[in-house]
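Counting in the working numbering, the final residue of the sequence shown is number 47, and the numbers go up one at a time with none missing.
In what follows, a single structure is set out as structure tokens and then discussed.
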Amino acid sequence: MHAHVRARPPGGEGVCVILFVQPFVLLSVTFLVQRNVVVALSQRVTL
Numbered sequence: 001m002h003a004h005v006r007a008r009p010p011g012g013e014g015v016c017v018i019l020f021v022q023p024f025v026l027l028s029v030t031f032l033v034q035r036n037v038v039v040a041l042s043q044r045v046t047l
């Protein structure tokens, strides 16, 4: 039990996961925003 707790410090893994996932989240968010803008522009042009 004690060795298991010592191997995984509280909050350490969460910070690593957040730092590892952050760039992917930013890329997906920017991609969605660009797609929404393109869709809005295309709808405006067709109308």
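All C-beta atoms in this analysis are idealised placements derived from N, C-alpha and C, irrespective of residue type, glycine included.
Keep in mind that this is a model prediction, so the values were computed, not measured.
Exercise. Taking just the CA atoms, how far does threonine 30 sit from leucine 19?
Worked result: 18 Å
Problem set entry | Secondary structure of valine 5, DSSP reduced to three states | Low per-residue confidence applies at valine 5: pLDDT is 49, beneath 50, and the placement is therefore not dependable enough to give any value.
Exercise. Residues in its own chain within less than 6 Å of valine 5 by CB, not counting five upstream and five downstream?
Worked result: For valine 5, the predicted structure reports a pLDDT of 49, less than 50, and the residue's modelled location is therefore unreliable. The matter cannot be settled from this model.
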